[in-house]
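Below: the structure, in C-alpha cells.
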Amino acid sequence: MLQLLFKNFIRSKGTKFGLLFLLIIGFISLLIGLQFQEKQQNNIAETTIYQKEHIARNASFHKDEIGLLLYYVKFSLVNKTLPINSLVIGQRDVNPSIQSVTIRGLEAQKYDSELNNPSNLLAGNIDFSFVLLYLFPLLIIAFSYNLISEEKESGTWKIVATQSSNTFFYILKLFYVRILSLIGLLTLLLIIAIIFLQIPVDKSFAVFYGIAVLYVLLWFSVCFFIVSLQKNSNFNAVILLTIWLFLIIILPAAINTYIINKYKVPEALELTLKQRNAYHEKWDMDKQTTLNKFYEHYPQFKNYVLPDAEFSWLWYYAMQQMGDDESAVQSKELEAKLEQRNHASEAIAQFIPTLHTQIQLNEIAKSDLKNQLSFLKETTKFHEKLRLHFYPKIFDNAPVEQQDWDDYKVETFTDATEISFTKAFLPLLAFNVLLIGMGWFNFKRMI
Amino acid sequence: MKLLHTELLIARHFKNSVFKNPAIYIITLFIGALLLFATFLGWDNYKSQNEASEKYQHESREDWLKNPDKNPHRMAHYGNFAFRKSTSLSVFEFGMEPFFGNAIFLEAHKQNTANFSEAGFSNSMLRFGEISIGMVLQILLPLLIFFIGFNAIAFERENGTLKLLLSQGISWKQLLFGKIFGIASVIMLLFIPTILVLVFVWLLLQNFTISADETFKMILFILFHFIYLMFFCVIAVLVSASSKTSKKALVSLIGIWLILTIILPRTSQAIGAYLYEAPSKVQFNSEIEQDILKQGDSHNPNDVHYKAIKDSLLRTYKVDSVQKLPFNYSGFIMTEGERISSKIYNDHLEKLLKIYDKQNSFSKAVSFLNPYIAMKNLSMGLSNTDYDSYIDFQKQAEIYRYDMAQKMNALQIKYISNKKPGAKEKPLTIGKEHWADVEEFHYEPKGISDVLKTEILSIISVSFWIIILFMLIRFAAKNLNAI
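If you read the protein sequences in the order shown, they are chains A and B. Quick note on numbering that gives the first Met the number 0: the first sequence kicks off at 0 and runs consecutively. Quick note on numbering that gives the first Met the number 0: the second sequence kicks off at 0 and runs consecutively.
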C-alpha cells in the first residue's frame, strides 16, 4: 500500500519537477555558501599578510618615535567564521568580520562598516537558510494542499473510503510519503553540504539539522491541519499561501518595523559627534587638566608627568583617550539599545516559527546580532589590551627596534555562546504538537 | 453611453459577486489596516531620521565654527560630517534605505565608510523585508488581485455559464475587458483611498509647500503603481480565461506571483553577485594603499616622488632648504598627497562601482521579463532610495571632503609660516574666521530628470508590458473557446 502510494506520488510530473527544482536551487545555495566561505578565508589570509607588512614598513619609517609609529599601525581582530556559516550567511554580509584598529580613540573606528552593494543586501542572499525557510514550505504546500479535496472533487474519494479499512490511516500514509521525500531531500542537501563545505558534524550541526527537520515538519503540520478542515482545493491553496505570506513576509516585516521604531538609536549619531569633540577640544585646553583626567582613569601611569614641551605623545594619547572616555555614556546607551532590540526580537520570535527558525539558525552559525555585539565588545577588550601594552612604551619612548614587531599577529575572536536545546526546539515542537493535535481532532470528528 | 456598456455591466456584475464573499471584507480591512500601519511607521521613521540628521548636521556645523584659532591642518582632522537625509516619498517606499549608512565622517587623508545603517543594528529579521506602502502596493495587492481574479472566467467555464454569456452575443473581447474592469474596480476601492492618504501625508510632510520636482515624482509614483496594478488585473483575467478549471487558474497565478515577486528578484541579483565577485573592504583598502605607495608615500622621508618635488621647488625658488621657501612647504606637500591619494581612491572606487553595476545588470535585464522589478526600481528611483541615489550621496560627500581638505591645505600654504616653532613655542595658528570659508555640507537628492534617465530601462519595460498585454488580449479574444 505504502509502496503504491509512494510510486503514485513520485511518478507525477509536478512532484518530480518540484523536487528537482529544490535540489538544484539547494545546490546553488551551497555554491553561494562556498563562495562566501572562500571570500572570508581569503580576507583573513590577506589581513594576516597585510598586517605583517604594514607593521614592518611603518616600523622602518618611524624608527625613533614609537608614539608616531603607533599613530599609524593597525592591529586586526577576526570574528571567527564557522564553516556552518556558509549555510546561514545571516548578518555577516552587512557587518565586517574583521576589525582593524589603531590604539587611538576606539569609538571613531569601532563602527566602520563593510563595503557592500546595497542592491545585493536588499535582494538578500540565496543561502541554504533561504531555501529551507522560503522554498521548502512552498513545495510542501504544493504537495499537500489538495490531499483528499482533489479526490473528493474528482469523485474518487468514495472509492478510497470504501476500500481502505481506516481512512485516517490512509491520510497519514499520504503525508508520510511526502514527509519522507522532503526530509530525504533535506538530508541529501545537508550531506552534500558537509562534504562540500567541510562542515564538522558536531553538536551545532545536530541542532541545525534538528531545527531544519522540525521546521519542515511544522509546515506539514500546518497542511495537515488545513486539510483536516476538509474544504475544497481552491480554499486550501488560498489559505495555505496566505499563511505562508504571513509567516514569511508580513509578520516578520511588521515586527521588524515595530522594533526599529520602538528602539531607535539616535545615540549612534550623538556618539560620533561627541567623541570627535571630546578629543579635538583638548588641543585647545589646558594640558594638565587633560592629563589629570587620564590619571584618574589609569592611576598606574601617574608617574609619567607632562614634559615641558608644546607637544608630547603622553598628552596626545591622553587626548585620544578622552574621546572614548567622554563618549562612554553614549556608547553604553547604544550598546544597551541594541541588546534590547535583540532581546525583544528573540522574545517575539518564539511565537513566530519562521522567525524563530531563522534566528536560531543564525545563532548556531554565529551570524546574528548577538554575535556582532559580542564581537564589538571583544574589539573593545582587544583595543584596551593593546593600549595598556603600548602606553608605557610610548611614554618611555621605548626604542622601536627593541620591540619584537613580528609578535603582533592577527587575533581571532571565537564566540563561545552555547546552544540551548530547549530554546531551539521547544517553540517548534509546541507548534507541531498543537497543529497535529487540532488536525487529528478534526479528522476524528469528521470521518 | 453606449460605449463600453456591456463591459461595464460585466464589471459591475463581477464586482457584486466578489463582494458576496465575506472573506473579501476581512482581507480589505486587513490590508487597509496594514496600509495605515505602514504609513504611520514610515512617517514616524522618516521624521525621526530626518530630524536626527538635520539636528546633528547642524550641531556638527556649530561645533566646526566654534573652534578657536588653530592650525588649519588641525581643522582638516577635526573634519565634518555628511548626514544622509531622506526625501518625502521615502515615507512610502523604503527601498534600500535600511542598508544605507547614515553618516560619513569627512576628514583629511582618509575616505571613511558610511556608517550606522539600520541593517547593521538589526538582527536577521530585517532581511525578511519591511512593511511600507510600496511593499503593499507592489507585493500584496497583486496577490489579492490574483485571489479575486482567478475565478473570473474559469469559474464561468466550470459552471457552464460561459457558453451562455457568449451565446448571448457578448464577444470575448468585451468579456475580457469587462472582467478586467471588474477586478480593477475592486482594487481601486483600496488603491484610491490609499493614494488620497498618501497625497495628504505627503503634503503634510512638506507643510503644503511643494516643489515642482517633488510633485512630478509623486504623480509618476501614483501613475506607475496604477499601471502596475492594471497589469496584474489583465494577467489574472488572461490566465483565468485560458485555464480549464478555476483550480488550474489559481495554481498558475500563485506560481506567477511567486516567481515574479519572490524568486526572480532574489535569484537574478544573486546570480550577478555570484558571477562578479566584489572585493571586501580589507582587499579594497590594501589595494589602494599599495597603489599610493607606488605613487609615493608622503610619510616616507626618503620617498622618490616627494624628493623630486622638493628638489624642483628648491631649484625654482633658488633656495637651499625648504624652510626658506616663501610659502608653507608641508602644506604644499599635503596638497599633493591629498591629490594623489584621492585620485587613486576614486579610481578604485570607480572600479568597484563598475563591479556593482555588473552585479546589478542581471536584475536590470530581468526587469524586462518581470514588471515587479521594473516597478520596484522605478519606485525606489522616484523616492531616491535606490542604488544610484546612495552612490550619489557618497560621491557628493567625497567631493565635499576633498574640497574641505584642500581648502585647509591652501590656508596652511598661505598663512602658516614656513619656520617650524621650537619645542616650547606656541604652535602656529590662523584666525577662526576662516572656518566659515568652508560651507556646510548639503546633500541634494537627484532630480526627476536624472531619475528618469537612470530608470529608462524600467520605463521601457513598463511600456513593453503594456504593449504585450494588449496584444495578448487581442490574441486571446480571437483564439479562446468556451469549453
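Backbone N, C-alpha and C define an ideal beta-carbon position, used for all residues, glycine too. Predicted, not measured: the structure shown is a model, and the values here were computed from it.
Under 7 Å by beta carbon: chain A residues contacting residue 322 of chain B: Residue mapping note: residue 322 of chain B aligns to position 323 of the second sequence, counting from 1. Within 7 Å Cβ-Cβ: nothing; residue 322 of chain B doesn't reach chain A, min ~18 Å.
Inter-stretch contact at 8 Å, needing at least 3 Cβ pairs: the segment 367-382 of chain B / the segment 218-231 of chain B: yes
Within-7 Å CB hit, residue 273 of chain A to chain B: In the first sequence, the residue the question calls residue 273 of chain A occupies position 274. No, its Cβ sits nowhere closer than 7 Å to a Cβ of chain B.
Through-space distance from residue 378 of chain A to residue 431 of chain A, alpha-carbon basis: Numbered from 1 along the first sequence, position 432 holds the residue referred to as residue 431 of chain A. Numbered from 1 along the first sequence, position 379 holds the residue referred to as residue 378 of chain A. Straight-line Cα distance between these residues: approximately 41 Å.
Beta-carbon spacing of residue 289 of chain A, residue 253 of chain A below 7 Å: Against the first sequence, residue 289 of chain A aligns to sequence position 290. Against the first sequence, residue 253 of chain A aligns to sequence position 254. Their beta carbons are not under 7 Å apart, which means residue 289 of chain A does not touch residue 253 of chain A by this criterion.
Minimum Cβ-Cβ distance from residue 110 of chain B to chain A less than 7 Å: Taking the second sequence and counting its residues from 1, the one referred to as residue 110 of chain B is at position 111. It does not: the Cβ of residue 110 of chain B has no partner Cβ on chain A nearer than 7 Å.
Helix, strand or coil at residue 230 of chain B according to DSSP, with G and I counted as helix: Along the second sequence, read from residue 1 onward, the residue named residue 230 of chain B stands at position 231. It is helical.
Residue-chain proximity (residue 281 of chain A, chain B), Cβ-Cβ < 7 Å: Along the first sequence, one-based indexing puts residue 281 of chain A at 282. Residue 281 of chain A does not count as touching chain B.
Range covered by the beta strand (DSSP E) that runs through residue 100 of chain A: If you number the first sequence from 1, residue 100 of chain A lands on position 101. Unbroken beta strand (DSSP E) run through residue 100 of chain A: 97-100.
For residue 384 of chain B, the three-state DSSP class (helix, strand or coil): Numbered from 1 along the second sequence, position 385 holds the residue referred to as residue 384 of chain B. Residue 384 of chain B falls in the coil class under three-state DSSP.
Neighbouring residues, chain A, relative to residue 44 of chain B (Cβ below 9 Å): What you label residue 44 of chain B is simply residue 45 of the second sequence in a count that begins at 1. Within 9 Å Cβ-Cβ: 256, 259, 260, 263.
Counterpart residues of residue 106 of chain B in DSSP-defined beta bridges: By one-based count along the second sequence, residue 106 of chain B stands at place 107. Note: residue 106 of chain B sits in a beta bridge opposite B:109.
Cα-Cα separation between residue 111 of chain B and residue 83 of chain B, rounded to whole angstroms: One-based indexing of the second sequence puts residue 111 of chain B at position 112. One-based indexing of the second sequence puts residue 83 of chain B at position 84. Roughly 14 Å between the two C-alpha positions.
Range of the contiguous alpha helix (DSSP H) that encloses residue 220 of chain A: Position 221 of the first sequence holds residue 220 of chain A. 202-227 is the extent of the alpha helix (DSSP H) around residue 220 of chain A.
Interface residues of the segment 106-133 of chain A facing chain B [CB-CB below 8 Å]: 107, 110, 111, 112, 113, 114, 115, 116, 117, 118, 119, 120, 121, 122, 123, 124, 125, 129, 133
Cα-Cα separation, residue 403 of chain A to residue 80 of chain B: Start at 1 with the first residue of the first sequence, and residue 403 of chain A comes out as number 404. Start at 1 with the first residue of the second sequence, and residue 80 of chain B comes out as number 81. About 38 Å.
Within chain A, partners of residue 426 of chain B - CB distance below 7 Å: Sequence index remark: in the second sequence, residue 426 of chain B carries index 427 (1-based). Result: 309.
Interface flag, residue 154 of chain B vs chain A, CB-CB below 7 Å: Here residue 154 of chain B corresponds to residue number 155 of the second sequence, with the count starting at 1. By this cut-off, residue 154 of chain B is not an interface position.
Residues from the segment 275-286 of chain B in contact with chain A, defined by Cβ distance under 8 Å: 276, 277, 278, 279, 280, 281, 282, 283, 285
Cutoff 7 Å: residue 306 of chain A Cβ touching any chain B Cβ: As a working note, residue 306 of chain A is residue 307 in the first sequence. No - not a single Cβ of chain B is within 7 Å of the one on residue 306 of chain A.
Three-state secondary structure (DSSP) of residue 74 of chain A: As a position in the first sequence, residue 74 of chain A is number 75, starting the count at 1. Strand.
Helix, strand or coil at residue 411 of chain A [DSSP, three-state]: The sequence position of residue 411 of chain A within the first sequence is 412, counting from 1. Strand at residue 411 of chain A.
Segment contact, 8 Å Cβ cut-off, at least three pairs: the segment 185-204 of chain A with the segment 28-39 of chain A: yes
CB contact below 7 Å: residue 408 of chain B versus chain A: Here residue 408 of chain B refers to the residue found at position 409 when the second sequence is read from its first residue. With 7 Å as the cut-off, residue 408 of chain B does not count as an interface residue toward chain A.
DSSP beta-bridge partners of residue 81 of chain B: Numbered from 1 along the second sequence, position 82 holds the residue referred to as residue 81 of chain B. Partner(s): B:103.
Whole-angstrom distance between residue 323 of chain B and residue 401 of chain B, CA atom to CA atom: Residue numbering aside, residue 401 of chain B sits at position 402 when the second sequence is read from its first letter. Residue numbering aside, residue 323 of chain B sits at position 324 when the second sequence is read from its first letter. Cα to Cα, the separation comes out at about 28 Å.
7 Å Cβ cut-off: residues of chain B touching residue 95 of chain A: Counting from one through the first sequence, the residue named residue 95 of chain A turns up at place 96. Here the neighbours are 280.
Length of the line joining the Cα atoms of residue 7 of chain B and residue 205 of chain B: Here residue 7 of chain B refers to the residue found at position 8 when the second sequence is read from its first residue. Here residue 205 of chain B refers to the residue found at position 206 when the second sequence is read from its first residue. Cα to Cα, residue 7 of chain B sits roughly 39 Å from residue 205 of chain B.
Proximity winner among B:430, B:160, B:437, B:381, relative to residue 219 of chain B (alpha-carbon distances): Looking up residue 219 of chain B in the second sequence gives position 220. Nearest of B:430, B:160, B:437, B:381 to residue 219 of chain B, Cα basis: B:381.
Proximal residues to residue 387 of chain B (C-beta, below 6 Å), its chain only, five neighbours per side dropped: Residue mapping note: residue 387 of chain B aligns to position 388 of the second sequence, counting from 1. Closer than 6 Å at Cβ, skipping near neighbours: 453.
Where the alpha helix (DSSP H) containing residue 177 of chain B begins and where it ends: Counting from 1 along the second sequence, the entry for residue 177 of chain B is found at position 178. From DSSP, the alpha helix (DSSP H) with residue 177 of chain B extends over 171-204.
Which listed residue (A:91, A:93, A:89, A:112) has its alpha carbon closest to that of residue 100 of chain A: Counting from one through the first sequence, the residue named residue 100 of chain A turns up at place 101. Ranking A:91, A:93, A:89, A:112 by Cα distance to residue 100 of chain A puts A:112 first.
Given residue 455 of chain B as reference, the closest of B:339, B:32, B:364 once Cα atoms are compared: Here residue 455 of chain B corresponds to residue number 456 of the second sequence, with the count starting at 1. It is B:364.
Distance between residue 60 of chain A and residue 416 of chain B (C-alpha atoms, nearest Å): Within the second sequence, numbered from 1, the residue matching residue 416 of chain B stands at position 417. Within the first sequence, numbered from 1, the residue matching residue 60 of chain A stands at position 61. Distance between the alpha carbons of residue 416 of chain B and residue 60 of chain A is about 26 Å.
Own chain residues within Cβ distance below 8 Å of residue 239 of chain A, not counting five before or after: Position 240 of the first sequence, counted from the first residue, corresponds to residue 239 of chain A. Only 140, 144, 221, 222, 225 meet the Cβ criterion.
Close-in-space but distant-in-sequence residues of the same chain around residue 83 of chain A (CB under 7 Å, 5 per side omitted): Numbered from 1 along the first sequence, position 84 holds the residue referred to as residue 83 of chain A. So the qualifying residues of the chain are 198, 203, 204, 207, 363, 364.
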